[in-house]
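Enquirer:
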Amino acid sequence: MTSEFYDRCEVCRGEATVGRLPRQDNSEIDAVQSEGAGGDRVLPPGYTHVPLGPTPGIAVVAVIVAFFVPLLGLILGYSARTEVRNPNNPKEGDGLATIAIVVGWIWIALGIIWILVIIGAAAAAPNYEY
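Counting in the working numbering, the sequence shown runs from 18 upward without gaps.
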């Protein structure tokens with residue numbers, strides 16, 4: 018079945034960038050060959066491949082900083098995510114920005130829990146009066 022499909026599809030063979038995609042029931046649909054980082058992929062009609070720009074350095078820095086200064090990691094992570102998801106210039110690195118945000122919130126939560134434990138331990142400690 019795969020070789021029949023390949024033989025009938027001029028877009029898949031690389032002979033054309035726009036053509037008709039064969040279906041199993043011998044009907045056809047329009048197809049467009051994408052260009053960019055993804056290589057030669059055939060896309061259904063109405064879909065286009067938008068090549069992503071390089072990962073911004075702020076996303077990498079946000080992940081590293083989130084482990085040591087969580088609040089700054091959160092700020093940088095949200096800033097990186099805004100830059101990555103810019104509809105006019107999309108970039109790779111959404112995962113890094115998300116990791117920085119998650120790690121930042123986890124460290125902040127652990128810090129709050131630690132402070133509450135210390136306060137509870139101090140309140141429960143016996144008071145010695147001399």
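Think of the CB as a built atom: it goes at the ideal place given N, C-alpha and C, for glycine as much as any other residue.
Owing to the predicted nature of the structure, the values given are computational and were not obtained by experimental measurement.
#1: Got a sec? Which residues, its chain only, sit under 8 Å from residue 133 by beta carbon, not counting five neighbours each side?
#2: With residue 100 as the anchor, note down where its alpha helix (DSSP H) starts and where it stops.
#3: Do you know how far the Cα of residue 122 is from the Cα of residue 128?
#4: Rounded to a whole number of angstroms, what is the C-alpha to C-alpha distance between residue 72 and residue 85?
#5: Near residue 125, what residues of its chain come up, given a Cβ to Cβ distance below 8 Å and the 5 sequence neighbours on each side ignored?
#6: Within a Cβ cutoff of 7 Å, which residues of the same chain sit near residue 143, ignoring the five residues on either side of it in sequence?
#7: Please go through the same chain and pick out, in chain order, the residues whose beta-carbon is closer than 7 Å to the beta-carbon of residue 82, but skip the five residues on each side of it.
#8: Buried or exposed: residue 98, going by 16 or more other Cβ atoms within 10 Å of its Cβ?
#9: Could you give the DSSP three-state label for residue 70: helix, strand or coil?
#10: Expressed to the nearest angstrom, what Euclidean distance is found between the alpha-carbon atoms of residue 69 and residue 110?
#11: What residue range is occupied by the uninterrupted alpha helix (DSSP H) comprising residue 110?
Expert: Concretely, from the data shown:
#1: By one-based count along the sequence shown, residue 133 stands at place 116. Result list for residue 133: empty, nothing under 8 Å.
#2: To locate residue 100, count along the sequence shown from 1; it is residue 83. Counting along the chain, the alpha helix (DSSP H) containing residue 100 begins and ends at 87-101.
#3: Start at 1 with the first residue of the sequence shown, and residue 128 comes out as number 111. Start at 1 with the first residue of the sequence shown, and residue 122 comes out as number 105. Take the alpha-carbon of residue 128 and the one of residue 122: they are about 10 Å apart.
#4: Within the sequence shown, the letter at position 55 stands for residue 72. Within the sequence shown, the letter at position 68 stands for residue 85. The alpha-carbon atoms of residue 72 and residue 85 are separated by roughly 22 Å.
#5: Numbered from its first residue, the sequence shown carries residue 125 at position 108. The answer, listed in chain order, is 87, 88 and 91.
#6: On the sequence shown, position 126 is the one that residue 143 refers to. Closer than 7 Å at Cβ, skipping near neighbours: no residue.
#7: In the sequence shown, counting from the first residue as 1, residue 82 sits at position 65. 89, 90 and 93, listed in sequence order.
#8: In the sequence shown, counting from the first residue as 1, residue 98 sits at position 81. Residue 98 counts as buried, since no fewer than 16 other beta carbons sit within 10 angstroms of its beta carbon.
#9: Residue numbering aside, residue 70 sits at position 53 when the sequence shown is read from its first letter. Strand at residue 70.
#10: Counting from 1 along the sequence shown, the entry for residue 69 is found at position 52. Counting from 1 along the sequence shown, the entry for residue 110 is found at position 93. Distance between residue 69 and residue 110, taken at the CA atoms: about 10 Å.
#11: For the purposes of this step, residue 110 is taken as the residue at position 93 of the sequence shown. Going by DSSP, residue 110 is part of no alpha helix (DSSP H) at all; its letter is neither H nor E.
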